[in-house]
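Engineer: Protein chains in written order, with the working numbering: chain A, 258 to 908; chain B, 1443 to 1656.
For each residue, glycine too, the CB sits at the ideal point set by N, CA and C.
Sharing a structure with you now.
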């Protein structure tokens, strides 16, 4: 029954989105604003129905309803409940349902909460959102029905990929999806505004919180995903430039650029066409990412069940939506008036530079991701790996971070370059000193990590400088948010640079009792012991570790064997210290009593994810600040309208 | 493939050009006026064209899934120089000098401790029965184990060389056991088969061997 109810909800949601789309596009002309009263509840109801459908799927997974094909293929009654729960989106159909649900819920939220946007533009936005939803409902209903019953009911399910059986994974994909798909709102805003020719300050101010919201989730999702890969895959790396990672990085880069250009548009009414373009590009990147992963045209460790039929379906949707939006952009954007002019050395100028650099990085990542596809079409098979990505993107990223530090110190409209240089002289000197220090103390550190540290230190300082000379109690939350996010970026950069500059790695074939040295630690291998969990058994390597003369502690990296499906995974044991992490992995036995042990000492590696979280927290602060400001602004407007005496009069 | 690229570029050109022509021909039409009002500049179509290009590639890739097989870089390269001592007392060693004498040969990388090698043994026997000369390279193995393995699963080999430290294996770019190479009459590596030879691989292998003969 639950499966049928879920499916029915999905069909109803699709029907509502069709209605919403039809009504919306019909009513988008100014003067038909009263139809908004119809379109709004439609969007909300559609979001609710999609949500119900997704809850039904979760219910089926929690119950392990083996009459449903998807549950049979991806779950097992012995699984811990958290992974039954997470199993609902650990597969193609379920994750697509989550995708559509986020899309519909985001549309519903816009209908419910957006009050600032011009009414006809809002109708256009909701119509655009419904148009996107409709395509993906069709994709679900016709090509990947998650609620399909299976003809025979097996004794038990086939289980979930053990790599996905991890608390991190329970929350990583939904977070990422909220960002990934949430950015669709910006896309719909852009399409709506292009149709009604409403690209301007009000439009930008209305769009900004939505972009910010999606961007926060995206940032969190990427940070969490990176940490998950780091501890779960047991390779000791935190970013692999895998097509799927790139698929989440590209929308983030575009959304970050958008976030900054929308600020220029909202405060100074400049960069109109560019902002609209970015809004279209950001969600296009999400859709292209989804397509790349689902169609199997790029090979990736993350690839779900690959099906060319599904691939062509999504490709069709993609061409329709992205092609349509870009065509609309090409036809309409020149009717958008030129925005306000500004000087090169100014806040706007630095934000343009930021956009330029982010776009260059975005293009490079996209080129690297798609390049194997291009060359293969001409018969050469290659793969583009981390060395290429690191080398080409790092110089631009470093430049970007430097200007990120300086930009907020500039005034809007125009500023004096010499003055800026004077302000940042101390941090810049500090950066040079850092570089010098590294060259002297650790001459064998490579150029890029060295530059990374030399940039991170001064930029961390610069990013705090907007607070200098302010009354900290009266500083708006928005400024705090910006400072936190920029500081987080510098922190993350410091972590990345330090990890690649100072990591130590030891690979030993150890017999019980053998002692190895790694960085400041001595590690004694005491032997391997069997361990069992709910649906796995494992060999755990017992290591007694001591840092210098400090206290001993035990680390237990495991080589796990999962029962359903039978898969071996490696569980790293990680010991976090204030200045880094000791990362240990147990490998194969050599059959003669010795075990392969892999030990890493990664100084300051945790900064990468602390920094990433700080960036997200900064976003959250800014969002709170915006919402509060908007609310108080609205209140004062209504106060005036109702003739209530202002605060001054009361005081 | 090239057709597709040309087609998508043409499409954009035709769209833009067609629109310009429409404006000339029907200056009074409402739809054209609506489009013309937008004062379209060709440069604004660049993102669309780029996207269509990528879409074209993707469509091509979807319709031709291609093989996901990774080819060795050494294919088309000359077999490097080596001499492996005989792995069994009564057999001949495997030497570079025996290759490239006008006749193609196969090199089979195997080991008695390798389970997939047992799976491919019947197929190797069949290849040998068809008259294909197969030289074996035994990786990190002991003579008595090799003799037992060949006694149990059949012996399709001409010569058997012992690669005790897997040096030849590394030199010819083999990543594991079992693997099979085809070397043509000129001593050039023509084909690499990674993993056990399944019955379904037989046609391909025989074909490749015949190709190497030419």
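Does the distance from the CB of residue 321 (chain A) to the CB of residue 334 (chain A) come in under 9 Å?
Structural biologist: By one-based count along the first chain, residue 321 (chain A) stands at place 64. By one-based count along the first chain, residue 334 (chain A) stands at place 77. Closer than 9 Å, so yes.
Engineer: Pull out every residue of the region 582-616 of chain A whose Cβ sits closer than 8 Å to any Cβ of chain B, in chain order.
Structural biologist: Cβ contacts with chain B: 583, 584, 586, 587, 588, 589, 590, 591 and 592.
Engineer: If the cut is a Cβ gap below 9 Å, which residues of chain A does residue 1501 (chain B) touch?
Structural biologist: Taking the first residue of the second chain as 1, we reach residue 1501 (chain B) at position 59. Under the 9 Å cutoff, chain A gives 569, 572 and 576.
Engineer: Go through its chain and collect everything with a Cβ distance to residue 306 (chain A)'s Cβ below 7 Å, but skip five positions before and after it.
Structural biologist: Residue numbering aside, residue 306 (chain A) sits at position 49 when the first chain is read from its first letter. Cβ within range, chain order: 266, 269, 270 and 273.
Engineer: Looking only at its chain, what residues have a beta carbon closer than 7 Å to the beta carbon of residue 571 (chain A), apart from the 5 residues adjacent to it on each side?
Structural biologist: Here residue 571 (chain A) corresponds to residue number 314 of the first chain, with the count starting at 1. Taken in chain order, the residues that qualify are 396, 547, 548, 551 and 552.
Engineer: Beta-carbon within less than 7 Å of residue 750 (chain A)'s beta-carbon, same chain only, minus the 5 sequence neighbours each way: which residues are those?
Structural biologist: Your numbering for residue 750 (chain A) matches position 493 in the first chain. So the list reads 658, 709, 712 and 713, once near-sequence residues are dropped.
Engineer: So, at 6 Å on beta carbons, what are the nonlocal neighbours of residue 487 (chain A) in its own chain, with the 5 sequence-adjacent residues on each side left out?
Structural biologist: The sequence position of residue 487 (chain A) within the first chain is 230, counting from 1. Here the set comprises 495.
Engineer: Would the beta-carbon of residue 1563 (chain B) fall within 9 Å of that of residue 1585 (chain B)?
Structural biologist: Stepping through the second chain from its first residue, residue 1563 (chain B) is reached at position 121. Stepping through the second chain from its first residue, residue 1585 (chain B) is reached at position 143. Cβ distance not < 9 Å, so residue 1563 (chain B) and residue 1585 (chain B) don't count as in contact.
Engineer: When the Cα of residue 800 (chain A) is compared with those of A:794, A:775, A:720 and A:818, which residue comes out closest?
Structural biologist: Start at 1 with the first residue of the first chain, and residue 800 (chain A) comes out as number 543. Residue 800 (chain A) has its Cα closest to that of A:775, out of A:794, A:775, A:720 and A:818.
Engineer: Contact criterion: CB-CB distance below 9 Å. Does residue 845 (chain A) meet it with respect to chain B?
Structural biologist: In the first chain, counting from the first residue as 1, residue 845 (chain A) sits at position 588. Not an interface residue.
Engineer: Within 8 Å, do at least three Cβ pairs link the region 502-521 of chain A to the region 462-481 of chain A?
Structural biologist: Yes, the region 462-481 of chain A touches the region 502-521 of chain A.
Engineer: Can you check the region 1593-1624 of chain B for any beta strand (DSSP E) of at least 3 residues that lies completely inside it and give the ranges in chain order?
Structural biologist: List check, beta strand (DSSP E) in window: 1602-1605.
Engineer: Enumerate in chain order the residues of its own chain whose CB-to-CB distance from residue 1455 (chain B) is below 6 Å, with the five nearest sequence positions on each side excluded.
Structural biologist: Here residue 1455 (chain B) corresponds to residue number 13 of the second chain, with the count starting at 1. Cβ neighbours of residue 1455 (chain B) beyond the five flanking positions: none.
Engineer: Within its chain, find whatever has a CB closer than 6 Å to the CB of residue 348 (chain A); leave out the 5 residues flanking it on each side and keep chain order.
Structural biologist: The sequence position of residue 348 (chain A) within the first chain is 91, counting from 1. For residue 348 (chain A), where only same-chain residues beyond five positions count, the Cβ hits under 6 Å are 331.
Engineer: Select from A:716, A:785, A:537 and A:399 the residue whose C-alpha is nearest the C-alpha of residue 748 (chain A).
Structural biologist: Your numbering for residue 748 (chain A) matches position 491 in the first chain. Of A:716, A:785, A:537 and A:399, the residue nearest in Cα terms is A:716.
Engineer: Against chain A, which members of the region 1550-1566 of chain B pass a CB distance test of less than 9 Å?
Structural biologist: Against chain A - using a Cβ distance shorter than 9 Å - the region 1550-1566 of chain B contributes no residues.
Engineer: Does DSSP put residue 760 (chain A) in a helix, a strand or coil?
Structural biologist: Within the first chain, the letter at position 503 stands for residue 760 (chain A). In this structure, residue 760 (chain A) counts as coil in the three-state DSSP scheme.
Engineer: With distances taken Cα to Cα, identify the nearest neighbour of residue 1602 (chain B) among B:1571, B:1651 and B:1589.
Structural biologist: Counting from one through the second chain, the residue named residue 1602 (chain B) turns up at place 160. The option with the nearest alpha carbon to residue 1602 (chain B) is B:1589.
Engineer: Taking the alpha-carbon positions, what's the residue 238 (chain A) to residue 623 (chain A) distance?
Structural biologist: Absent from the model: residue 238 (chain A). The displayed extent of chain A is 258 to 908, so no value can be given.
Engineer: Is there at least one Cβ from chain A nearer than 9 Å to residue 1496 (chain B)'s Cβ?
Structural biologist: On the second chain, position 54 is the one that residue 1496 (chain B) refers to. Yes, residue 1496 (chain B) counts as interfacial toward chain A.
Engineer: How is residue 1536 (chain B) classed by DSSP in three states: helix, strand or coil?
Structural biologist: Along the second chain, one-based indexing puts residue 1536 (chain B) at 94. Note: residue 1536 (chain B) maps to strand in three-state DSSP.
Engineer: Compare the Cα-Cα distances from residue 754 (chain A) to each of A:612, A:641, A:687 and A:647 and report the closest residue.
Structural biologist: The residue given as residue 754 (chain A) occupies position 497 in the first chain. Taking only the C-alpha atoms, the option nearest residue 754 (chain A) is A:647.
Engineer: Express the C-alpha separation of residue 614 (chain A) and residue 656 (chain A) in angstroms, rounding to a whole number.
Structural biologist: Taking the first chain and counting its residues from 1, the one referred to as residue 656 (chain A) is at position 399. Taking the first chain and counting its residues from 1, the one referred to as residue 614 (chain A) is at position 357. One C-alpha to the other measures close to 8 Å.
Engineer: Under the three-state reduction of DSSP, which class applies to residue 258 (chain A): helix, strand or coil?
Structural biologist: Here residue 258 (chain A) corresponds to residue number 1 of the first chain, with the count starting at 1. Residue 258 (chain A): coil per DSSP, three-state reduction.
Engineer: Can you check which of these residues, A:258, A:350 and A:382, is closest to residue 279 (chain A) by C-alpha distance?
Structural biologist: Here residue 279 (chain A) is taken as the residue at index 22 of the first chain, counted from 1. The shortest C-alpha separation from residue 279 (chain A) is found at A:382.
Engineer: So residue 854 (chain A) and residue 843 (chain A) are in contact, right, with Cβ under 8 Å, and what is the actual spacing, rounded?
Structural biologist: As a position in the first chain, residue 854 (chain A) is number 597, starting the count at 1. As a position in the first chain, residue 843 (chain A) is number 586, starting the count at 1. So it is a contact: roughly 6 Å between Cβ atoms.
Engineer: For residue 664 (chain A), name the three-state secondary structure that DSSP assigns.
Structural biologist: Walking along the first chain from the start, residue 664 (chain A) turns up at place 407. It is helical.
Engineer: Closer than 8 Å, Cβ to Cβ, to anything on chain B: give me those residues from the region 650-684 of chain A, in chain order.
Structural biologist: Here the close residues number zero.
Engineer: Thinking residue 506 (chain A) and residue 545 (chain A) are a contact (beta carbons under 8 Å), I'd like their distance in whole angstroms, please.
Structural biologist: Translated into positions along the first chain, residue 506 (chain A) becomes position 249. Translated into positions along the first chain, residue 545 (chain A) becomes position 288. Not quite, the Cβ-Cβ distance comes to about 12 Å (not below 8 Å), so this is no contact.
Engineer: Taking the beta strand (DSSP E) that residue 929 (chain A) falls in, what are its first and last residues?
Structural biologist: Nothing about residue 929 (chain A) can be read from this structure; chain A reaches only from 258 to 908.
Engineer: Find the residues of chain A that neighbour residue 1487 (chain B), judging by a C-beta separation of less than 7 Å, and give them in chain order.
Structural biologist: Your numbering for residue 1487 (chain B) matches position 45 in the second chain. By Cβ distance, chain A contributes 587.
Engineer: Mind checking whether residue 677 (chain A) and residue 725 (chain A) have CB atoms under 9 Å apart?
Structural biologist: Mapped onto the first chain, residue 677 (chain A) falls at position 420. Mapped onto the first chain, residue 725 (chain A) falls at position 468. Going by C-beta atoms, residue 677 (chain A) is not nearer than 9 Å to residue 725 (chain A).
Engineer: Under 8 Å Cβ to Cβ from residue 1535 (chain B), same chain only, skipping five residues before and after it: list those, please.
Structural biologist: Counting from 1 along the second chain, the entry for residue 1535 (chain B) is found at position 93. Closer than 8 Å at Cβ, skipping near neighbours: 1525, 1526, 1527, 1528, 1601 and 1603.
Engineer: Spatial neighbours of residue 438 (chain A) within its chain, please: CB distance less than 6 Å, with the 5 preceding and 5 following residues excluded, ordered by chain position.
Structural biologist: If you number the first chain from 1, residue 438 (chain A) lands on position 181. So the list reads 356, 359 and 360, once near-sequence residues are dropped.
Engineer: According to DSSP, simplified to helix, strand and coil, what is residue 781 (chain A)?
Structural biologist: Along the first chain, one-based indexing puts residue 781 (chain A) at 524. Here residue 781 (chain A) sits in strand by DSSP.
Engineer: Using a Cβ-Cβ cut-off of 9 Å, state whether residue 538 (chain A) counts as contacting chain B.
Structural biologist: As a first step, residue 538 (chain A) is located in the first chain; it is residue number 281 there, counting from the start. Yes - at least one Cβ of chain B is within 9 Å of the one on residue 538 (chain A).
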